[in-house]
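A.B. asks: Counting in the UniProt record's numbering, the sequence shown runs from 1 upward without gaps. Where is the CB? At the ideal position from N, CA and C, for every residue including glycine. Right, I'll just put the structure down here and ask away after.
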Amino acid sequence: MTNTALASGGPAFEALTLGLGGEIFAIDASIVHEILDLVSVTEVPGARDFVGGLINVRGKVVPVADLRLKFGMEQTPPTLDTRVVVVEIDLDGEITVVGLLADKVFEVTEIGRASIESTPDIGMKWRADFIKGIGKRGTDFIVIPDIVRLFTAD
Numbered sequence: 001m002t003n004t005a006l007a008s009g010g011p012a013f014e015a016l017t018l019g020l021g022g023e024i025f026a027i028d029a030s031i032v033h034e035i036l037d038l039v040s041v042t043e044v045p046g047a048r049d050f051v052g053g054l055i056n057v058r059g060k061v062v063p064v065a066d067l068r069l070k071f072g073m074e075q076t077p078p079t080l081d082t083r084v085v086v087v088e089i090d091l092d093g094e095i096t097v098v099g100l101l102a103d104k105v106f107e108v109t110e111i112g113r114a115s116i117e118s119t120p121d122i123g124m125k126w127r128a129d130f131i132k133g134i135g136k137r138g139t140d141f142i143v144i145p146d147i148v149r150l151f152t153a154d
């Protein structure tokens with residue numbers, strides 16, 4: 001889904017909203033496999049810098065991406081609200097299961113595609129190249145990351 005596809009109007013989509021660095025992020029709820037309390041993450045020597053390690057999800061080894069690292073945010077220790085959101089994404093035609101470390105999970109909500117705008121070129125405090133767009137819900141801005149790009153871009 002590109003910025004154009006997001007902002008093309010049409011129906012709303014269901015999104016899981018997450019807290020990350022004091023901001024609200026949203027990912028397409030259709031890719032969410034499950035939400036886990038923070039579990040023991042096994043570090044992997046030589047892994048990419050944003051990969052926090054591996055977890056076991058129902059007998060399957062799943063890499064966990066630290067979204068704070070990927071977006072260039074300040075690192076903070078996990079809290080009781082920290083969650084691992086397990087998603088299934090299509091990486092080059094292969095369905096891959098990955099975990100996303102989030103500060104908090106809020107709710108599933110509808111975001112109108114017409115309310116989504118392109119990411120501004122200036123003024124972003126994180127890596128804008130990993131953002132599909134910015135949605136608006138009331139007075140809140142909701143950052144919509146490009147989950148596939150998070151894992152395929154350097």
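Taking its Cβ as the centre, do 16 or more other Cβ atoms sit within 10 Å of Phe-141, making it buried, or is it exposed?
C.D. replies: Within the sequence shown, residue 141 is the residue found at index 141, counting from 1. That one is exposed.
A.B. asks: Could I get the ranges of all uninterrupted alpha helix (DSSP H) runs contained in the UniProt domain "CheW-like" (12-154), with 4 residues as the minimum, in chain order?
C.D. replies: If we require 4 residues or more, the alpha helix (DSSP H) runs fully inside the UniProt domain "CheW-like" (12-154) come out as 67-70, 147-152.
A.B. asks: How about Leu-18 and Val-97: are their beta carbons less than 8 Å apart?
C.D. replies: For this step, residue 18 is matched to residue 18 along the sequence shown. For this step, residue 97 is matched to residue 97 along the sequence shown. No. Outside cutoff.
A.B. asks: Straight-line CA distance for Ala-26 to Leu-54?
C.D. replies: Here residue 26 corresponds to residue number 26 of the sequence shown, with the count starting at 1. Here residue 54 corresponds to residue number 54 of the sequence shown, with the count starting at 1. Looking at the two C-alpha atoms, the distance is approximately 23 Å.
A.B. asks: Apart from the five residues on each side of it in sequence, which residues of its chain come closer than 7 Å, Cβ to Cβ, to Met-1?
C.D. replies: For this step, residue 1 is matched to residue 1 along the sequence shown. Note that Met-1 has pLDDT 40, beneath the 50 cutoff, so the model's placement of it is unreliable and the number below is only indicative. Closer than 7 Å at Cβ, skipping near neighbours: Lys-132.
A.B. asks: Straight-line CA distance for Ala-153 to Leu-91?
C.D. replies: Translated into positions along the sequence shown, residue 153 becomes position 153. Translated into positions along the sequence shown, residue 91 becomes position 91. Their backbone Cα atoms lie some 12 Å apart in a straight line.
A.B. asks: Whose C-beta lies closer than 6 Å to the C-beta of Leu-16 among residues of the same chain, with five residues either side of it excluded?
C.D. replies: Mapped onto the sequence shown, residue 16 falls at position 16. Closer than 6 Å at the Cβ level, and outside the excluded window around Leu-16, lie Ile-27, Ala-29, Val-32, Val-108.
A.B. asks: With distances taken between CB atoms, is the gap from Lys-104 to Arg-83 smaller than 8 Å?
C.D. replies: Taking the first residue of the sequence shown as 1, we reach residue 104 at position 104. Taking the first residue of the sequence shown as 1, we reach residue 83 at position 83. For Lys-104 and Arg-83, yes; Cβs fall inside 8 Å.
A.B. asks: Using a Cβ-Cβ cutoff of less than 8 Å, which residues in the same chain neighbour Ala-102 once the five nearest sequence positions on both sides are dropped?
C.D. replies: Residue 102 sits at position 102 when you count from the first residue of the sequence shown. Around Ala-102: Leu-18, Gly-19, Leu-20, Phe-25, Leu-67, Thr-82, Arg-83, Val-84, Val-85.
A.B. asks: In chain order, what residues of the same chain lie with their CB nearer than 6 Å to the CB of Ile-35, ignoring the 5 residues before and after it?
C.D. replies: One-based indexing of the sequence shown puts residue 35 at position 35. For Ile-35, where only same-chain residues beyond five positions count, the Cβ hits under 6 Å are Arg-83, Val-85, Val-105.
A.B. asks: Let me know if Gly-46 comes out buried or exposed under the rule of 16 or more other beta-carbons within 10 Å of its beta-carbon.
C.D. replies: Within the sequence shown, numbered from 1, the residue matching residue 46 stands at position 46. Per the 10 Å Cβ criterion, exposed.
A.B. asks: So, for Ile-95: in the same chain, excluding its five sequence neighbours on each side, which residues have a beta-carbon less than 7 Å away from its beta-carbon?
C.D. replies: For this step, residue 95 is matched to residue 95 along the sequence shown. Cβ within range, chain order: Glu-88.
A.B. asks: For Ala-12, count the other beta carbons within 10 Å of its own beta carbon; 16 or more makes it buried, fewer makes it exposed. Which is it?
C.D. replies: Taking the first residue of the sequence shown as 1, we reach residue 12 at position 12. Counting Cβ neighbours within 10 Å, Ala-12 comes out exposed, since fewer than 16 surround it.
A.B. asks: Compute the Euclidean distance between the alpha carbons of Pro-77 and Leu-38, then round it to the nearest angstrom.
C.D. replies: In the sequence shown, the residue the question calls residue 77 occupies position 77. In the sequence shown, the residue the question calls residue 38 occupies position 38. Whole-angstrom Cα-Cα distance: 12 Å.
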